[in-house]
Amino acid sequence: FPLCPRISLPSSSMAAAAARRVSCSLLRRDHRHLLPLLRPFASSAGGQPQLTVETSVPFTGHKIDPPSRSVDTNPSQLLSFFREMSLMRRMEIAADSLYKSKLIRGFCHLYDGQEAVAIGLEAVITKKDAIITAYRDHCIYLARGGSLVESFSELMGRRAGCSKGKGGSMHFYKKESGFFGGHGIVGAQVPLGCGLAFAQRYLKEGTVTFALYGDGAANQGQLFEALNISALWDLPVILVCENNHYGMGTAEWRAAKSPAYYKRGDYVPGLKVDGMDVLAVKQACKFAKEYALQNGPIILEMDTYRYHGHSMSDPGSTYRTRDEITGVRQERDPIERVRKLIVSYELATASELKDIEKEVRKEVDEAIAQAKESPMPGPSELFTNVYVKGFGVEVSKPGRISDPK
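With my numbering, the residue at position 271 of the sequence shown is 435, and numbering never jumps.
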């Protein structure tokens, strides 16, 4: 059944299995005390029982042998995955309401349904690795360590936003955490991501760049040009196609003669991944990073799904049926998959997971209230962040000096 991945215990002894059940029971009873510690996407804590889970479906490789379906995890990580994906889901639902209340203006592209990609990716990289994406960027920013207050402030055009309220939904940014933004031009972030990888190789940092794009951008010529030179120079870049099957209002089969995006690199290997399975994403990204550091580019196609329309101006129900959306929610929802895994392995009860969701809702509501208190940028901000300071450039208009020192 797709919502219940296979769970394995190491074949050591009955005593070890019993000890694990005791440890899991203790964790379940005390998990609320661990919640503040779950914010970082940390690796296994010492002494925690290791769990081995099989991915929902096999990986499919192009010009490469795919990784194992058996993924190692632990109770703390699974609870962290559940909480973080729930937080992202709630943030996007709240953003929907704020947009309809006209507190968010302009374009707004929501990520609900695709949370497993952001979380699984973040679980196996460091902040020295780089991520660059398109305009569906809120949850990637959150996974990179951004705060809810910064997110909602930016969405509402407030000074406390991650881009000082001047970027809005499509232009989140957090350079110090290796997040080089959301970008509004379809596919334009991919060459920039390859440029980041060029810098990483030049500096011999031992890090990689993940350049994310959607199936709607997969036919862009600049993507293939950037991939070609990245392959020539063996750049440590992973191209991640978040295939949610609809570019704006167009089904992939209407826009792409070959929708097998993981094969699109031809001479560059690729991997098809269940992007609704957070553990499959984790395994694939770990595999891809190791490959790219040694061999150069690789393509990951994340088979995922967006519940909202392309943007808030798209109802999302004119080119697909409501039954289709409901079916994906019931069979493949990334949060429900982790919920079933946690409950089936007795790491927490259904009631305790509901409590976590209540805490998440409260956290989001408090962040929105705080973001609303932040003022709008002043008129002088029109002329800031245009040129790099210290290069002798001044921007001025009659009666207005706009290059504050």
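Here a beta-carbon is modelled for each residue, glycine too, at the ideal position from N, C-alpha and C.
- DSSP places S333 outside both helix and strand once states are collapsed to three, so it counts as coil.
- Residue range 239 to 264 is occupied by the alpha helix (DSSP H) that includes S261.
- Cβ-Cβ distances below 6 Å link R323 to G329, S538, P539, P541 in the same chain, with the five nearest sequence neighbours on each side left out; the list follows chain order.
- Straight across, the Cα-Cα distance linking Y275 with A352 is about 19 Å.
- Cα atoms of C326 and E340: separation of roughly 12 Å, rounded to the nearest angstrom.
- Three or more Cβ pairs closer than 8 Å define a contact, and the segment 448 to 455 falls short of that threshold against the segment 242 to 251.
- The C-beta distance from L360 to I296 rounds to 7 Å, short enough to meet the 8 Å contact threshold.
- By the CB criterion at 9 Å, L319 and A282 fall outside the cutoff.
- Contact annotation, T373 with Q386: C-beta distance approximately 16 Å; criterion of less than 8 Å not satisfied.
- Runs of the alpha helix (DSSP H) lying entirely within the segment 280 to 305, each at least 4 residues long, are absent.
- Relative to the Cα of L312, the nearest Cα in the group T414, N238, K536, D430 belongs to K536.
- Taking the CA atoms as reference points, L464 sits about 17 Å from Q458.
- Judged by pairs of C-beta atoms under 8 Å, the segment 249 to 269 does not touch the segment 422 to 430, as fewer than three such pairs exist.
- Rounded to whole angstroms, the gap between the alpha carbons of G439 and Y469 is 8 Å.
- The shortest C-alpha to C-alpha distance from G370 to any of V401, E256, F547 is the one to V401.
- Along the segment 446 to 471, the beta strand (DSSP E) occurs as fully enclosed runs of 3 or more residues at 462 to 467, listed in sequence order.
- Counting the other CB atoms within 10 Å of its CB gives Y366 a total below 16, which places it among the exposed residues.
- When P239, A420, Y455, K421 are compared, the shortest CA-CA separation from G434 is found for Y455.
- I268 sits in coil when the DSSP states are folded into three classes, being neither helix nor strand.
- Burial check for G411: the Cβ neighbour count within 10 Å reaches 16 or more, so the residue is buried.
- By DSSP's assignment, N407 forms a beta bridge with D467.
- If only complete runs of 4 or more residues are kept, the segment 477 to 518 shows the alpha helix (DSSP H) at 486 to 496, 498 to 508, in order along the chain.
- At a Cβ-Cβ threshold of 9 Å, F336 and G357 do not count as neighbours.
- Here D487 is exposed. Its C-beta has fewer than 16 other C-beta atoms within 10 Å.
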